[in-house]
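Trainee:
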Amino acid sequence: MSADNAYAIELKGVSFKRGTRSIFENIDIRIPRGKVTGIMGPSGSGKTTLLRLMGAQLRPSAGQVWVNGQNLPELSRSDLFDARKHMGVLFQSGALFTDLDVFENVAFPLRVHTQLPEEMIRDIVLLKLQAVGLRGAFELMPDELSGGMKRRVALARAIALDPQILMYDEPFVGQDPIAMGVLVRLIKLLNDALGITSVVVSHDLDETASIADYLYVVGDGQVLGQGTPEELMGSDNPRIRQFMTGDPDGPVPFHYPAADYREDLLGKR
Amino acid sequence: MQNRTIETGVGLFLLAGILALLLLALRVSGLSASAATDSYKLYANFDNIAGLTVRAKVSMAGVTIGRVTAIDLDRDTFTGRVTMEVQKKVDNLPIDSTASILTAGLLGEKYVGISVGGDDGLLKDGSTIHDTQSSLVLEDLIGKFLLNTVSKDAK
Amino acid sequence: MRKKSLMERIRLLGRSAIDIVAVFGRSGIFLVHALFGRGGISGGFQLLVKQLYSVGVMSLAIIVVSGMFIGMVLSLQGFSILANYGSEQAVGQMVALTLLRELGPVVTALLFAGRAGSALTAEIGNMKSTEQLSSLEMIGVDPLKYIIAPRLWAGFISLPLLAMIFSVVGIWGGSWVAIDWLGVYEGSFWANMQNSVSFSDDVINGVIKSVVFAFVVTWIAVFQGYDCEPTSEGISRATTKTVVYASLAVLGLDFILTALMFGDF
C-alpha cells in the first residue's frame, strides 16, 4: 500500500469503459498534495468521469485509484464511508437538497458522519457559512437563492467536515463576473488557508489557469499534456495549442465529417 | 413547526384508513364478532343442491343460525352432502327437523332453511338431518306445471 | 430519412427486446437493493412519515372526491337498471360489491399513478438531473436507502388505505343517492348489503388487490424517476412512462387477480 505523501490522489493505469465505448485507456494522473490542480479538456473528454473515479462513484475497469494512501475500488463499504469524510465535492449545479433549508444542507454531512451535539453543529455550520459569506442566509430555502449563492452554500457543505481533498466539477460554468470572481477567490483561499488539495475540473481556461498550480489536459481518452500553466502555454503539442489558444480549427476539426462539398451542392443526393 | 403539521396529517390519514377498514368490516359486510368455536357441525343430504353455495345462510324461522361451510358429492348415495356450522346456542333441534333449500326473494340467492320436527331426541355435533327438500330448479317447475296442465286437459 | 433495410429493422427489434429485459433486470436489482440492502439510515422513520404525507395525505383530496362521485353514479345507474327487474332493493349490495371488488382498488390505483406516481417520478428525476443523488453518494449516504426506500414504503402503505377510504366514501355517496334521493328503503339497503358482502371474500380480496397495485405502481414510479435521462425531456418522458406503464400494469393485474379470486377454479 503506497502512502506517497507528495501526492494526495494517484490514478495508476486506470481504464474506464462505458458499455463498449472506452472513455479512458491506461491513464496516469497524479494530484500533488496541498495544491490546486486543474483538469482541463474539450467537452466530452471525460473530465467529470475522472472526478467520479476519484470519488469512488464509478469503478475503473482496470487500474488503481489511490486516495490518501487507500486504493478506493478495494475498500469495504464501511471503509469507503469513512474515506468519504475526507473528500468534499462541489457539483456543477450546486446540488443542494431542495427540501432542506441552507442550514440543514450544510449540517447534513455533520449529521451523517458525526454524533456531535446540536450546539456544536450549529457553530460549525455558521463558521462554514461565514467562510463563504452567506452566514445571514442560513434560513433560506434553496429555491430562494441565486445560482451563485447556491454554489457557495454547496461549497460550505463540501467543507463541513474539513476534508483534505476538495473536488470541483465545472465550478465556473454560467457565472456572472462577480460570482466568478468570488468563487475563484474562495477556491484559492480555502486551499491555502486550510492546506487542502483541490482538484478543479473545468474548460474555463482563464479562470482555471489563474489559480491552478498544476494542470492536466485530457482528451481522446488519455492525458495530452501536463505541467504548470506557463509550461503548457508554451507547449508545441498541436492539440494542447489548439485548446490553449481556442483556435476553432485544428486537431479538433471545425467541420463535421461530410461528403464532398461540390458533390453535395450539385445535387448528388 | 412544519413537522407538526406533517405528523398530524399522516396520523389522521392512517386513522382514517383504519376507520375505513373497520367500517367496511362491520357496517358493510356485517362481520360479527362471534367466534368459530361457538358452533357445531350438522350434515344434510339433498338430491339437488343447485344454486346453493358455500357461505350461504342457514336459518330457522327467518333467523340466521349458521352458515354452509362445505358442499360435497356423497359417492355412496349420489346425493349432495351439505356441511353446516350452526350456533351452539341453538342446540335443541329435534332429530326429525327438515332442511330445505330455499330462495331469498325472487332473484335472490339460495339458503338452507330448517323447520322443526316433533321428536324428543336432539341433533348433536356431527348428526345428519334426514328429512330434506331439494332446491327448486326452474325447469322441473315448468315441467311439473306443463304436466299438470296436460293431465287436466286429458281429464 | 434513411430508409431502414429489413435486416436493420430486425436487429433493432432484437435490440429493443434485449433492452426491455435489461430494464426489468435493472429495476429488480434496484428494488431489492432499496428495500433489503444493507446499511439502514438513522432517522428513517422520520423520512417515511414525511413521504407518507406527501404521497398519501396529499392524494386524499382527489381520492375522496372521486370516490364520492363514483359511488353516486353507481347508485344512479344501478338503480335504473335494477328497477327493470324490480330489484331496486339490491342497489346497496351492487354498489358495495362493485366498489370493494373492482372500482375501489383499480380506480384508486389509477388515480394514484396519475397524481402521486407522476409526482414521485418527476421529483426523483429532478433530483437526479440536479445531481442531488450524486451529492448524497459523495457524502456517503446511499440514495437508494435515503430517497427511494421511504418513498417505496410510503406508497405500499398509502395506496391500500386510500383504496379503503375510496370504497367507504363511495358506498356512503351511493347510499345518500339511493336512500335520500331515489327512495330506497334505508333498512333494506344496508341489510341486503351486509348479507351479500363477505368480509373475507370481498373486503379482504379488495385489500389484497390494492396491496399488489401499490407495490407495482410505486415501484414503477420510483424506478422511472431513478432511471431517467437527467434532462428536462428525460424527466417528462419518464413521467409519461410512469402513468402509462403503471395504468396498464394495474389493469392487467386486475384481470389476473380477479380471475384467481372470483373465478371458478
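Residue numbers (this note's numbering), protein chains in the order written: chain H, 8 to 276; chain A, 96 to 250; chain Y, 958 to 1222. Glycine residues also receive a C-beta, built at the ideal position from the N, C-alpha and C atoms. Keep in mind it's a predicted model, so treat the numbers as computed, not measured.
Report yes if the CB atom of Ser1032/Y is closer than 7 Å to the CB atom of Gly1144/Y, and no otherwise.
Mentor: In the third sequence, counting from the first residue as 1, residue 1032/Y sits at position 75. In the third sequence, counting from the first residue as 1, residue 1144/Y sits at position 187. No; because the gap between Cβ atoms is not below 7 Å, this pair is not in contact.
Trainee: Run the CB neighbour count on Arg99/A, radius 10 Å, all protein chains shown included, and call it buried at 16 or more, exposed below.
Mentor: Counting from one through the second sequence, the residue named residue 99/A turns up at place 4. Counting Cβ neighbours within 10 Å, Arg99/A comes out exposed, since fewer than 16 surround it.
Trainee: Buried or exposed for Met127/H, please, with buried defined as at least 16 other CB atoms from any protein chain shown within 10 angstroms of its CB.
Mentor: Numbered from 1 along the first sequence, position 120 holds the residue referred to as residue 127/H. Exposed: under 16 other Cβ atoms inside 10 Å.
Trainee: What is the DSSP secondary structure of Thr148/A, reduced to helix, strand or coil?
Mentor: Counted from its first residue, the second sequence places residue 148/A at position 53. Reduced to three states, the DSSP call for Thr148/A is coil.
Trainee: Does the separation of the CB atoms of Ile1165/Y and Ala1203/Y fall below 7 Å?
Mentor: Mapped onto the third sequence, residue 1165/Y falls at position 208. Mapped onto the third sequence, residue 1203/Y falls at position 246. Cβ distance not < 7 Å, so Ile1165/Y and Ala1203/Y don't count as in contact.
Trainee: In angstroms with no decimal places, state the Cα-to-Cα distance between Leu1208/Y and Leu1068/Y.
Mentor: Taking the first residue of the third sequence as position 1, residue 1208/Y is located at position 251. Taking the first residue of the third sequence as position 1, residue 1068/Y is located at position 111. Each residue's alpha carbon lies about 12 Å from the other.
Trainee: Does any C-beta atom of chain Y lie closer than 7 Å to the C-beta of Ile196/A?
Mentor: The count along the second sequence starts at 1 and reaches residue 196/A at position 101. So, not an interface residue.
Trainee: Which residue's Cα is closest to the Cα of Thr178/A: Val158/A, Gly216/A, Met155/A and Tyr135/A?
Mentor: To locate residue 178/A, count along the second sequence from 1; it is residue 83. Of the candidates Val158/A, Gly216/A, Met155/A and Tyr135/A, the one whose C-alpha sits nearest the C-alpha of Thr178/A is Tyr135/A.
Trainee: Could one say the Cβ of Pro170/H lies closer than 7 Å to chain Y's Cβ atoms, at least one of them?
Mentor: Here the question's residue 170/H lines up with position 163 in the first sequence. Not one chain Y Cβ lies under 7 Å of Pro170/H.
Trainee: Going by DSSP in three states, Ser210/A sits in which element: helix, strand or coil?
Mentor: Locating residue 210/A in the second sequence gives position 115, counting from the first residue. Ser210/A falls in the strand class under three-state DSSP.
Trainee: If you measure from the beta carbon of Val119/H to each beta carbon in chain Y, is any gap under 7 Å?
Mentor: As a working mapping, residue 119/H is identified with position 112 in the first sequence. Yes, Val119/H lies at the interface with chain Y (some Cβ there is under 7 Å from its Cβ).
Trainee: Pull the bridge partners of Gln122/H from the DSSP assignment, please.
Mentor: Translated into the one-based positions of the first sequence, residue 122/H becomes position 115. Looking at the DSSP assignment, Gln122/H forms no beta bridge with any residue, so it has no partner.
Trainee: Could you tell me which of Ile46/H, Pro49/H and Val72/H sits nearest to Asn33/H, measuring between CA atoms?
Mentor: The count along the first sequence starts at 1 and reaches residue 33/H at position 26. The option with the nearest alpha carbon to Asn33/H is Val72/H.
Trainee: Leaving out five residues on either side along the sequence, give the residues of the same chain with a beta carbon under 7 Å from the beta carbon of Glu177/H.
Mentor: Along the first sequence, one-based indexing puts residue 177/H at 170. Cβ neighbours of Glu177/H beyond the five flanking positions: Gln99, Val208 and Ser209.
Trainee: Using a Cβ-Cβ cut-off of 8 Å (strictly less than) and excluding sequence neighbours within five positions of Leu969/Y, which residues of its own chain qualify?
Mentor: What you label residue 969/Y is simply residue 12 of the third sequence in a count that begins at 1. Result list for Leu969/Y: Lys961, in chain order.
Trainee: List the whole-angstrom C-beta distance separating Met1084/Y from Leu1090/Y, where the pair is believed to meet the contact cut-off of C-beta under 8 Å.
Mentor: Counted from its first residue, the third sequence places residue 1084/Y at position 127. Counted from its first residue, the third sequence places residue 1090/Y at position 133. Right, their Cβ atoms sit about 5 Å apart.
Trainee: Using the Cβ count rule (16 or more neighbours within 10 Å means buried), how would you classify Thr44/H?
Mentor: Start at 1 with the first residue of the first sequence, and residue 44/H comes out as number 37. Per the 10 Å Cβ criterion, buried.
Trainee: Could you check whether the Cβ of Phe98/H sits closer than 7 Å to any Cβ belonging to chain Y?
Mentor: Sequence index remark: in the first sequence, residue 98/H carries index 91 (1-based). Output row for Phe98/H: interface = yes.
Trainee: Would Phe1156/Y pass as an interface residue toward chain A - the criterion being a Cβ-Cβ separation below 7 Å?
Mentor: Along the third sequence, one-based indexing puts residue 1156/Y at 199. By this cut-off, Phe1156/Y is an interface position.
Trainee: Out of curiosity, what's the CA-to-CA distance linking Glu111/H and Lys135/H?
Mentor: Counting from 1 along the first sequence, the entry for residue 111/H is found at position 104. Counting from 1 along the first sequence, the entry for residue 135/H is found at position 128. Computed Cα separation, rounded: 12 Å.
Trainee: In chain order, what residues of the same chain have a beta carbon less than 7 Å from the beta carbon of Thr55/H, not counting five sequence neighbours either side?
Mentor: On the first sequence, position 48 is the one that residue 55/H refers to. Here the set comprises Asp176 and Val208.
Trainee: Kindly give me the distance between the Cβ atoms of Val1200/Y and Gly1071/Y, rounded to whole angstroms, as I take these residues to be in contact under 8 Å.
Mentor: In the third sequence, the residue the question calls residue 1200/Y occupies position 243. In the third sequence, the residue the question calls residue 1071/Y occupies position 114. So it is a contact: roughly 6 Å between Cβ atoms.
Trainee: Kindly list the residues whose CB is nearer than 7 Å to the CB of Ala102/H, restricted to its own chain and excluding five residues on each side of it in sequence; keep chain order.
Mentor: Taking the first sequence and counting its residues from 1, the one referred to as residue 102/H is at position 95. So the qualifying residues of the chain are Ala161.
Trainee: So the alpha helix (DSSP H) Gln249/H belongs to, where does it begin and stop?
Mentor: Taking the first residue of the first sequence as 1, we reach residue 249/H at position 242. Looking at the DSSP string, the run of the alpha helix (DSSP H) that includes Gln249/H is Pro245 to Thr252.
Trainee: State the Cα-Cα distance for the pair Trp1138/Y and Val1063/Y, rounded to the nearest angstrom.
Mentor: As a position in the third sequence, residue 1138/Y is number 181, starting the count at 1. As a position in the third sequence, residue 1063/Y is number 106, starting the count at 1. Going by the C-alpha atoms only, they are around 27 Å apart.
Trainee: Assuming Ala63/H and Leu97/H are in contact, meaning their beta carbons sit under 8 Å apart, how far apart are those beta carbons, in whole angstroms?
Mentor: Counting from 1 along the first sequence, the entry for residue 63/H is found at position 56. Counting from 1 along the first sequence, the entry for residue 97/H is found at position 90. With a Cβ gap of about 17 Å, Ala63/H and Leu97/H do not count as contacting.
Trainee: Can you look up Pro189/A in the DSSP assignment and give me helix, strand or coil?
Mentor: Translated into positions along the second sequence, residue 189/A becomes position 94. Here Pro189/A sits in strand by DSSP.
Trainee: Measuring straight from C-alpha to C-alpha, what distance separates Gly76/H and Gln171/H?
Mentor: What you label residue 76/H is simply residue 69 of the first sequence in a count that begins at 1. What you label residue 171/H is simply residue 164 of the first sequence in a count that begins at 1. Approximately 12 Å between the Cα atoms of the pair.
Trainee: Taking CB distances under 7 Å as the criterion, tell me whether Ile1038/Y reaches chain A.
Mentor: Counting from one through the third sequence, the residue named residue 1038/Y turns up at place 81. For Ile1038/Y, the answer is no, since every Cβ of chain A falls outside 7 Å of its Cβ.
Trainee: With distance defined between alpha-carbon atoms, name the residue in Arg1194/Y, Leu1217/Y and Asp1184/Y nearest to Arg983/Y.
Mentor: Reading the third sequence from its first residue, position 26 is the one you call residue 983/Y. Nearest C-alpha to Arg983/Y: Asp1184/Y.
Trainee: Mind pulling the chain Y residues with CB within less than 9 Å of Ile101/A?
Mentor: Counting from one through the second sequence, the residue named residue 101/A turns up at place 6. Going along chain Y in sequence order, the residues near Ile101/A (Cβ under 9 Å) are Val1006, Lys1007, Leu1009, Tyr1010, Ser1011 and Val1014.
Trainee: Can you find a CB in chain H that lies within less than 7 Å of the CB of Gly1182/Y?
Mentor: Stepping through the third sequence from its first residue, residue 1182/Y is reached at position 225. No, because no Cβ of chain H sits closer than 7 Å to the Cβ of Gly1182/Y.
Trainee: Can you give me the start and stop residues for the beta strand (DSSP E) that Phe141/A sits inside?
Mentor: By one-based count along the second sequence, residue 141/A stands at place 46. From DSSP, the beta strand (DSSP E) with Phe141/A extends over Ser134 to Phe141.
Trainee: Taking Val1125/Y as the query, report the chain A residues whose CB atoms sit under 7 Å from its CB, ordered along the chain.
Mentor: Reading the third sequence from its first residue, position 168 is the one you call residue 1125/Y. Correct list: Ala115, Leu118 and Leu119.
Trainee: For Ile1136/Y, decide whether its Cβ has a neighbour in chain A, counting only Cβ atoms nearer than 7 Å.
Mentor: Locating residue 1136/Y in the third sequence gives position 179, where the first residue counts as 1. No, Ile1136/Y lies away from the interface with chain A (no Cβ there is under 7 Å from its Cβ).
Trainee: For the alpha helix (DSSP H) that contains Gln1181/Y, what are its first and last residues?
Mentor: The residue labelled residue 1181/Y in the question sits at position 224 within the third sequence. Note, Gln1181/Y: alpha helix (DSSP H), Ile1161 to Asp1184.
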